[in-house]
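Student:
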Ligand SMILES: NC(=O)c1ccc[n+]([C@@H]2O[C@H](COP(=O)([O-])OP(=O)(O)OC[C@H]3O[C@@H](n4cnc5c(N)ncnc54)[C@H](OP(=O)(O)O)[C@@H]3O)[C@@H](O)[C@H]2O)c1
């Protein structure tokens, strides 16, 4: 087995082209590396050039695939997304896989360049625009036996999400967790609707949405500190024991976390969000474990990329 195909579930696919948004870090980075290992031409779309150069260098070195490159795309700016698509289309290459992965979670209330609440603008509207602008290229690149694919990374958080149609931007009452969940629900609904339209047209493109499970990445940097502390202290440990013991441990951690936050005695939105996200993480972990049958897999970005890739069914 060569370095290029090591660890790959799928056969080499050197004739295919993929775009991965947010491919500079976390799940996106692992996904980009995995696709590069399959021999694909991979384009990382991101907004941090230094980080991207480093990511491209590392992926090229580890996969021995030279067709990995970076194109600037700030998902928080509609103009930047349009420029990215123009630059991509000037290359006159096909597009077989679009991975809508970039995202932010529970950021303080702030706006994108175009004035949208950040979760809504970046996680959802940015990817909505990107997908629509690239749809014709995807359509031209897919074939009946071998569809082109849009793979959108959502989250189990969408189960608790609500579309606040009266105040989508959360300008009257802002909840970081509510805004994140709303953006992830919007991505799920968008994907279902898009897939319905594509299927009705008999299009050689499919729209897929995936939940990667709980993965230890920088995404959690805005989560309230007690939750981060609990994750740091116990994360590695409870991912190594049996599911039954893990459930007990997670329950204890949740109770401790709740007590700590209650003791701080400043019941405000942030604390309620912390409790909600802790419970959510717990249920997602249990869910993921039952589905994947392995605790260790939950903490690894590589495993998440693998799971997302299974959903794609190349
Ligand atoms: N980690 C989990 O447990 C988990 C669970 C469920 C769903 N997810 C979803 O998985 C996806 C990836 O998350 P992750 O855990 O890998 O988080 P991460 O490590 O923080 O990676 C997020 C990526 O998005 C990029 N990004 C952020 N703002 C951007 C912008 N304006 N324009 C372009 N790129 C931007 C980041 O680039 P910079 O670092 O340069 O900002 C980074 O590459 C997200 O959609 C997230 O909602 C994650």
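Residue numbers (our numbering): 28 to 341.
Heads up, the beta-carbon is just placed ideally off N, CA and C, and yes, glycines get one too.
So, does the stretch 222 to 235 touch the stretch 196 to 204, judging by three or more C-beta pairs under 8 Å?
Tutor: Contact between the stretch 222 to 235 and the stretch 196 to 204 is absent, because fewer than three Cβ pairs lie under 8 Å.
Student: Measure the alpha-carbon distance for residue 55 versus residue 195 and round it to whole angstroms.
Tutor: Going by the C-alpha atoms only, they are around 27 Å apart.
Student: Does the stretch 64 to 83 come into contact with the stretch 139 to 152, if we say contact requires no fewer than three beta-carbon pairs (one atom in each stretch) closer than 8 Å?
Tutor: No, the stretch 64 to 83 is not in contact with the stretch 139 to 152.
Student: Check the DSSP bridge columns for residue 124 and list the partner residues they point to.
Tutor: Answer is 45, 176, bridged to residue 124.
Student: Since residue 132 contacts residue 207 with CB under 8 Å, what's their CB separation in whole angstroms?
Tutor: Yes, they are in contact, since the Cβ atoms of residue 132 and residue 207 sit about 5 Å apart, within 8 Å.
Student: Output needed for residue 248: all residues of its chain with C-beta closer than 6 Å, excluding positions within five of it in sequence on either side, in chain order.
Tutor: Answer for residue 248: no residue qualifies.
Student: Would you check if the distance between the CB atom of residue 110 and the CB atom of residue 160 is smaller than 8 Å?
Tutor: Not closer than 8 Å, so no.
Student: Assess, as a yes-or-no matter, whether the stretch 152 to 168 is touched by the stretch 102 to 121 under the definition of 3 or more beta carbon pairs within less than 8 Å.
Tutor: These segments touch.
Student: I'd like to confirm something about residue 85: is its beta-carbon nearer than 7 Å to some heavy atom of ligand 1, or not?
Tutor: Answer for residue 85: no, Cβ out of range of ligand 1.
Student: Taking the Cβ atom as the reference point for each residue, do residue 52 and residue 78 lie within a distance shorter than 8 Å?
Tutor: Contact: yes.
Student: I'd like the list of long-range same chain contacts for residue 188, defined as Cβ closer than 7 Å, with 5 residues on each side in sequence excluded.
Tutor: Cβ within range, chain order: 208, 209, 211, 212.
Student: Quick check on the burial criterion: 16 or more other C-beta atoms within 10 angstroms. Buried or exposed for residue 140?
Tutor: The residue in question, residue 140, is exposed, as its Cβ has fewer than 16 Cβ neighbours within 10 Å.
Student: Just curious, the beta strand (DSSP E) that residue 237 is in, first and last residue?
Tutor: Taken as a continuous stretch (DSSP letters only), the beta strand (DSSP E) holding residue 237 covers 232 to 237.
Student: Using DSSP with H/G/I as helix, E/B as strand and the rest coil, what is residue 186?
Tutor: Residue 186 falls in the helix class under three-state DSSP.
Student: Would you check whether ligand 1 has a heavy atom nearer than 7 Å to the C-beta of residue 132?
Tutor: Yes; taking the cut-off as 7 Å, the Cβ of residue 132 has a heavy atom of ligand 1 nearer than that.
Student: With a CB to CB cut of under 6 Å and the five nearest residues on each side skipped, what residues in its chain are close to residue 154?
Tutor: Hits under 6 Å: 127.
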